[in-house]
Amino acid sequence: ESGPPWSYARRMRFVGRFKELEPEHEDAPLLASQVGRLSDAQVNQVTKHLKSGVSVFDVMEVVTDPIDGSTHIPGGSGLLTDGEWVWRQDLVYFVQTHRIGLPAEFLTHVATHAATNEAIVVDVASCIDEALRVAGWQS
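According to my numbering, the residues represented by the sequence shown are 301 to 439, in order.
Here it is, written out as C-alpha cells:
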C-alpha cells in the first residue's frame with residue numbers, strides 16, 4: 301500500500317512571511333517591496349493553489365492590509381497547507397490584490413502541482429504539529 305505523496309518526516313516550508321505582518325521575524329522581507337512581482341498567469345495559478353489549501357489552524361481576527369491601510373482581511377494569520385508548504389490565510393489576498401512576489405521554489409511547486417491537476421489532500425491530524433512549528437507558533 302502506498303502512502304500519501306508527502307512525508308512529515310521531512311520539514312514543511314513556510315511561504316509568505318513578511319515583516320509588516322510578523323515583525324518578530326526581522327529577516328523577513330517587507331511586503332511593500334514585493335508588490336507587482338507576479339504576472340497575470342502567476343497570480344491566477346498561485347491564487348487557485350492557495351485557495352485549495354487545507355486549513356490547519358483558524359484564527360478569529362481581522363488583519364489590516366499594511367499596504368493600503370484600510371482593507372480588513374478576516375482570519376489573516378490562520379494557517380493553510382498543501383502538505384509541503386504552509387501559508388497564512390491572508391496570502392491569497394496579497395497575491396490577488398498586490399501581486400506579491402513569492403520565492404521561485406514555491407512558484408515552481410505551484411506550477412508542478414497545476415500540471416498534475418490533482419486535488420490537494422492532507423491529513424491535518426498528522427501534520428498540524430509540523431505546520432505550527434514552521435509557522436513559528438510552537439518549537
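Even for Gly, the Cβ is constructed at its ideal location relative to N, Cα and C.
Keep in mind it's a predicted model, so treat the numbers as computed, not measured.
Rounded separation between residue i and residue j - CA only
i, j, result
"Leu331", "His413", "25 Å"
"Val392", "His398", "10 Å"
"Glu418", "His349", "11 Å"
"Pro329", "Phe318", "5 Å"
"Val359", "Thr416", "31 Å"
"Thr408", "Val362", "31 Å"
"Ala341", "Gly436", "31 Å"
"Pro305", "Val422", "Because Pro305 carries a pLDDT of 49, less than 50, the predicted location of this residue cannot be relied on, and no value is offered for it."
"Thr371", "Ser426", "35 Å"
"Lys351", "Leu338", "17 Å"
"Val410", "Trp385", "10 Å"
"Gln438", "His325", "14 Å"
Extent of the continuous beta strand (DSSP E) run through residue i
i, result
"Val354", "354–357"
"Thr364", "362–364"
"Leu380", "379–381"
"Ile373", "372–374"
"Val315", "313–315"
"Arg337", "First-last for Arg337: undefined, no H or E at that position."
Whole-number beta carbon distance between residue j and residue i, since they are thought to touch under 8 Å
i, j, result
"Asp365", "Ile373", "6 Å"
"Phe314", "Val424", "Not quite, the Cβ-Cβ distance comes to about 16 Å (not below 8 Å), so this is no contact."
"Gln311", "Glu405", "According to the sequence provided, residue 311 is Arg. The question's Gln does not apply to it. That belief does not hold up - the Cβ atoms of Arg311 and Glu405 are roughly 14 Å apart, past 8 Å."
"Val335", "Ile367", "7 Å"
"Leu353", "Ile428", "Reading the sequence as shown, one finds Gly at residue 353 and not Leu. So it is not a contact: roughly 14 Å between Cβ atoms."
"Leu441", "Phe357", "Nothing about residue 441 can be read from this structure; the chain reaches only from 301 to 439."
"Leu402", "Val346", "7 Å"
"Gln389", "Gly376", "6 Å"
Residue range of the alpha helix (DSSP H) that includes residue i
i, result
"His413", "404–416"
"Thr347", "340–351"
"His398", "391–398"
"Ile428", "424–435"
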